[in-house]
């Protein structure tokens, strides 16, 4: 283990003198460091955790096992309520803790647990998976036991809900699958509804397929038999925990809203990453950047941690309930990820035996469904028995006995080795490209673009995913479960990769990035990708800059330029306002026509652009272009599809497409100006996007809190720029509250690690009373960063608290 900080002030002074810092300044800094000694049962050797001034824990242990053990212990210390709730939700234990209104959600969660061979499950993660999970969980349990024994405080959320934290098993860390970000079952259902109401051509306004593809109704499928709520259990299994007022019904959800939200997430839940070769940076070293975009909440989804042992030194971010990190570096290589849109799920439709509804037709014979019955304990006494049915493809979502039909879902969740992000325990310690790419072959979910850089100056990109292939259909609609439509899996080495690309950089932003030589017509691995706007802007900036600095990379992560906005400016360049248009409309149009596309916090034209793009433009276009029967199902449509149609108007817009386009633009613009006036008032030149668009991090505890406590748990509002289409992803809801975006940002100076920068939001801690619960949110919103200190010297120089830990009884 690296030298201990236990020598205290003397060591810090020595380091400061070498760095040219006065001893007086160091004495002041060192005296502020809080010291604590603690015995920890289960710890094998003495260790320490140094918490820096930003709340990041740097763990120093004598073995990998103790480092992972302390990661679990530390995660419980900072995020116990969050990780305990994650486990209870995932395992279907909410009713036992919070009451009978959660029984349906518990049953749904249990439907999607991994129920296969655990030896195969552990083997899929490589040599360290089982060991790391076991050590991590032992650390969580050590902390939980000290809480239960009264040695450490019980987080206030447990007191508010009258519950206690549970002890974990190692299997808990991997059996939970329902946070895996697989896709596209909800889109299959919506496409079927549109095909039933009108035709598949109409669906092109809702979902833009790439590479260009003409979907077809699979032989044997009647799209009209798909129940509109067929994915209700899927929805319940994948949603978070929603606390409601007493007697409320947490299962009373708007299902149609779920389908729309899931489709919106194709563009809203994504990420950016890039890796730049030394010859294109100012430092002469690679730069690697990553900012994964997810739903915002308090506490933060991500947790930054630094793990050190004699054989390991990794730092970066992961999810607090899992061992290891998925984004970061290990002193030799750096890595970061974004979603690569493999289609990893399908809905199946079965013919049932009229004489036995628990049998379905498969390959011409009746096959029994498997049945699992479990007892769900309910708080304050009693229990409920629930039965779950499974076909060979997966959980049965719904049974229609009247029409002798059943519906199930197949998802890669049910395969060994598909616990979300857990595969990172294998690649985080790789030392070169060969070791990294070998480890990525064992990474299954979520399907990811992984970027790479190393201290030898190499960069790369490789896809990690368990990838279904479909020989006789495209995965875009439900299919009969009679044996006609079956998956195979793509050999991992068939997935695309690039090592030291000729252009000197590689970036991804969830766009369709299959190489030209990838045989997508054969493999059919996925057709629903995010809008390419974020990537197009990243590409524009990196192509023009052959000497990228760390500051440039940070600026690009916070870039507010909307390529969709630029396209809109081109469309309205020649718009003619209706006769009698008032001065407000004329002024707003002039601002929009002269706009550069930057959705900045103080921008007036960004207000008009976003109001048009978020609803008015799509709504007006869909009403003109879609069959009347499908309009309500398509909603506002895909903005990518809408803009493409307006840029190249065709017969869908009627006999005079050009004239119809002009009318649509006028209608959408007028509606946007009217909305802006109702929201902001005043003159258009005084409008500011940040007056509407505000960052929020909301706690799910709020419905249970006294109103005086709400502001302690929620973080925000914080005025900010950006939108879903900008590199600084900042998607927002109907109230303009930013609901998703960068959960974490990281820019790595590969080889000069202490110069690296990162930011987590709203903070590192899950304790609303901690100074690190919300301290990073203002920096995050302003596009600022903190040092991601790595060397022992830099860690000590920024220490705020030190835990000296020893084995306990």
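Numbering (mature numbering (1 follows the signal peptide of the UniProt record, and there is no 0)), first residue to last: -24 to -1, 1 to 785.
Note that CB positions come from ideal geometry on N, CA and C, so glycine has one too.
(request) Starting from the C-beta of residue 788, find all residues in its chain whose C-beta is less than 8 Å away, skip the five residues before and the five after it, and write them out in chain order. (result) Past the edges of the chain, shown from -24 to 785, lies residue 788, and the structure says nothing about it.
(message) Beta-carbon within less than 7 Å of residue 226's beta-carbon, same chain only, minus the 5 sequence neighbours each way: which residues are those?
(response) What you label residue 226 is simply residue 250 of the chain shown in a count that begins at 1. Annotation note: pLDDT 49 at residue 226 (below 50); position unreliable, coordinate value reported separately. Annotation for residue 226: 77, 78, 81, 218 and 220 place their beta carbon closer than 7 Å to its own, counting only its chain and skipping 5 residues before and after.
(message) Cutting at 6 Å between CB atoms, please list the residues of its own chain near residue -3, excluding the five before and the five after it.
(response) Here the question's residue -3 lines up with position 22 in the chain shown. With a pLDDT of only 33 at residue -3, under the threshold of 50, the placement of this residue in the model should not be trusted; the figure read from the coordinates follows. Leaving aside the five residues that flank residue -3 on each side, none in its chain has a CB nearer than 6 Å to its CB.
(message) Between 687, 672, 639 and 697, which has its C-alpha nearest residue 666's C-alpha?
(response) Working through the chain shown from its first residue, we reach residue 666 at position 690. Minimum Cα distance to residue 666 is reached at 697.
(message) Under DSSP, the beta strand (DSSP E) around residue 266 begins and ends at which residues?
(response) Residue 266 sits at position 290 when you count from the first residue of the chain shown. Per DSSP, the continuous beta strand (DSSP E) segment holding residue 266 begins and ends at 263 to 271.
(request) Please classify residue 187: is it buried, with 16 or more other beta-carbons within 10 angstroms of its beta-carbon, or exposed? (result) As a first step, residue 187 must be located in the chain shown, where it is residue number 211. Exposed is the call here.
(message) Suppose only complete runs of 4+ residues qualify. What are the alpha helix (DSSP H) ranges in the region 633 to 677, listed by chain order?
(response) Fully contained in the region 633 to 677 are the following alpha helix (DSSP H) runs of length 4 or more, in chain order: 633 to 656 and 665 to 668.
(message) Quick check: the region 427 to 434 against the region 322 to 336, are at least 3 beta-carbon pairs closer than 8 Å?
(response) Output reads no: the region 427 to 434 does not touch the region 322 to 336.
(request) Over the uninterrupted beta strand (DSSP E) stretch that includes residue 482, give me the two end residues. (result) By 1-based counting over the chain shown, the position of residue 482 is 506. Residue 482 -> beta strand (DSSP E) spans 481 to 484.
(message) Using the three-state DSSP reduction, which class does residue 219 fall into: helix, strand or coil?
(response) Position 243 of the chain shown, counted from the first residue, corresponds to residue 219. The three-state secondary structure of residue 219, taken from DSSP, is coil.
(request) Tell me, please, which residues DSSP counts as bridged to residue 381. (result) Locating residue 381 in the chain shown gives position 405, where the first residue counts as 1. Answer is 327 and 376, bridged to residue 381.
(message) Just to confirm before moving on: does the CB-CB distance between residue 71 and residue 388 stay below 8 Å?
(response) Numbered from 1 along the chain shown, position 95 holds the residue referred to as residue 71. Numbered from 1 along the chain shown, position 412 holds the residue referred to as residue 388. No, Cβ-Cβ distance for residue 71 and residue 388 is not below 8 Å.
(message) Going by C-alpha to C-alpha distance, which of 435, 144 and 483 sits closest to residue 517?
(response) Taking the first residue of the chain shown as position 1, residue 517 is located at position 541. It is 483.
(message) In whole angstroms, give me the CA-to-CA distance for residue 736 and residue 669.
(response) Within the chain shown, residue 736 is the residue found at index 760, counting from 1. Within the chain shown, residue 669 is the residue found at index 693, counting from 1. Distance between the alpha carbons of residue 736 and residue 669 is about 20 Å.
(message) If you follow the beta strand (DSSP E) that residue 470 is in, where does it begin and where does it stop?
(response) Taking the first residue of the chain shown as 1, we reach residue 470 at position 494. Where residue 470 is concerned, there is no enclosing beta strand (DSSP E), given that its DSSP letter is neither H nor E.
(request) Out of 26, 571 and 607, state which residue places its alpha-carbon closest to the alpha-carbon of residue 177. (result) Here residue 177 is taken as the residue at index 201 of the chain shown, counted from 1. Distances from the CA of residue 177 to each of 26, 571 and 607 were compared; the closest alpha carbon is that of 607.
(request) State the DSSP-derived secondary structure class of residue 87, mapped to helix, strand or coil. (result) Counting from 1 along the chain shown, the entry for residue 87 is found at position 111. DSSP places residue 87 in helix when its eight states are reduced to three.
(message) List, from N- to C-terminal side, the alpha helix (DSSP H) runs of 4 residues or more that fit wholly inside the region 352 to 434.
(response) If you keep only unbroken alpha helix (DSSP H) runs of at least 4 residues inside the region 352 to 434, you get 400 to 403 and 409 to 416.
(message) Given a cut-off of 8 Å on the beta-carbon distance, is the pair residue 96 and residue 154 in contact?
(response) In the chain shown, residue 96 corresponds to position 120, counting from 1. In the chain shown, residue 154 corresponds to position 178, counting from 1. Residue 96 places its beta carbon 8 Å or farther from that of residue 154.
(message) Here's the rule I'm using: 16 or more other beta-carbon atoms within 10 Å means buried, otherwise exposed. How should residue 4 be labelled?
(response) Walking along the chain shown from the start, residue 4 turns up at place 28. Annotation note: pLDDT 37 at residue 4 (below 50); position unreliable, no value reported.
(request) Would you please state the rounded distance, in angstroms, between the beta carbons of residue 619 and residue 543? I believe it to be under 8 Å. (result) Locating residue 619 in the chain shown gives position 643, where the first residue counts as 1. Locating residue 543 in the chain shown gives position 567, where the first residue counts as 1. In this structure, residue 619 and residue 543 form a Cβ contact; the two beta carbons are roughly 5 Å apart against a cut-off of 8 Å.
(message) Strictly by DSSP, which residues pair up with residue 321?
(response) The residue labelled residue 321 in the question sits at position 345 within the chain shown. Note: residue 321 sits in a beta bridge opposite 387.
(request) Rounded to whole angstroms, what's the CA-CA distance from residue 610 to residue 593? Just pull it up for me. (result) By 1-based counting over the chain shown, the position of residue 610 is 634. By 1-based counting over the chain shown, the position of residue 593 is 617. The straight-line gap from Cα to Cα measures roughly 13 Å.
(message) My output table needs one value for residue 12: the three-state DSSP class, helix, strand or coil.
(response) Here the question's residue 12 lines up with position 36 in the chain shown. Here DSSP, grouped into helix, strand and coil, assigns residue 12 to strand.
(request) For residue 185, name the three-state secondary structure that DSSP assigns. (result) If you number the chain shown from 1, residue 185 lands on position 209. Coil at residue 185, not helix or strand.
(message) If I measure Cβ to Cβ from residue 171 and keep anything under 8 Å in the same chain, skipping five residues before and after, which residues do I get?
(response) The sequence position of residue 171 within the chain shown is 195, counting from 1. Short of 8 Å from the beta carbon of residue 171, and not among the five residues preceding or following it, lie these beta carbons of its own chain, in chain order: 179, 193, 199 and 453.
(request) Under 7 Å Cβ to Cβ from residue 250, same chain only, skipping five residues before and after it: list those, please. (result) Within the chain shown, numbered from 1, the residue matching residue 250 stands at position 274. Around residue 250: 265, 427, 481, 482, 483, 514 and 518.
(request) Could you spell out where the beta strand (DSSP E) holding residue 734 opens and where it closes? (result) Residue mapping note: residue 734 aligns to position 758 of the chain shown, counting from 1. Counting along the chain, residue 734 sits inside the beta strand (DSSP E) bounded by residues 733 to 736.
(request) Report the option in 319, 204 and 282 whose CA atom is closest to the CA atom of residue 304. (result) To locate residue 304, count along the chain shown from 1; it is residue 328. Selected option, being the one with the closest Cα: 282.
(message) With three or more C-beta pairs closer than 8 Å as the rule, is the region 640 to 653 touching the region 573 to 585?
(response) Yes, they touch.
(message) Can you check which of these residues, 135, 445 and 262, is closest to residue 680 by C-alpha distance?
(response) As a working mapping, residue 680 is identified with position 704 in the chain shown. Selected option, being the one with the closest Cα: 135.
(message) Give me, in chain order, the residues of the same chain whose beta-carbon lies closer than 7 Å to that of residue 460; leave out the 5 immediate sequence neighbours on both sides.
(response) The residue you call residue 460 lines up with position 484 of the chain shown. The answer, listed in chain order, is 196.
(request) Kindly list the residues whose CB is nearer than 6 Å to the CB of residue 234, restricted to its own chain and excluding five residues on each side of it in sequence; keep chain order. (result) Position 258 of the chain shown, counted from the first residue, corresponds to residue 234. Residue confidence is low: residue 234 scores 44 on pLDDT, short of 50, so the model does not pin down where it sits. No coordinate-derived value is stated.
(message) Does residue 778 come out as helix, strand or coil in the three-state DSSP assignment?
(response) By 1-based counting over the chain shown, the position of residue 778 is 802. Looking at residue 778 - three-state DSSP - the assignment turns out to be strand.
(request) Could you check the C-alpha separation between residue 131 and residue 57 for me, to the nearest Å? (result) Here residue 131 corresponds to residue number 155 of the chain shown, with the count starting at 1. Here residue 57 corresponds to residue number 81 of the chain shown, with the count starting at 1. Rounded to the nearest whole angstrom, the C-alpha separation of residue 131 and residue 57 is 7 Å.
(request) Buried or exposed for residue 772, please, with buried defined as at least 16 other CB atoms from any protein chain shown within 10 angstroms of its CB. (result) By one-based count along the chain shown, residue 772 stands at place 796. A residue is called buried when at least 16 other Cβ atoms come within 10 angstroms of its Cβ; residue 772 meets this threshold and is buried.
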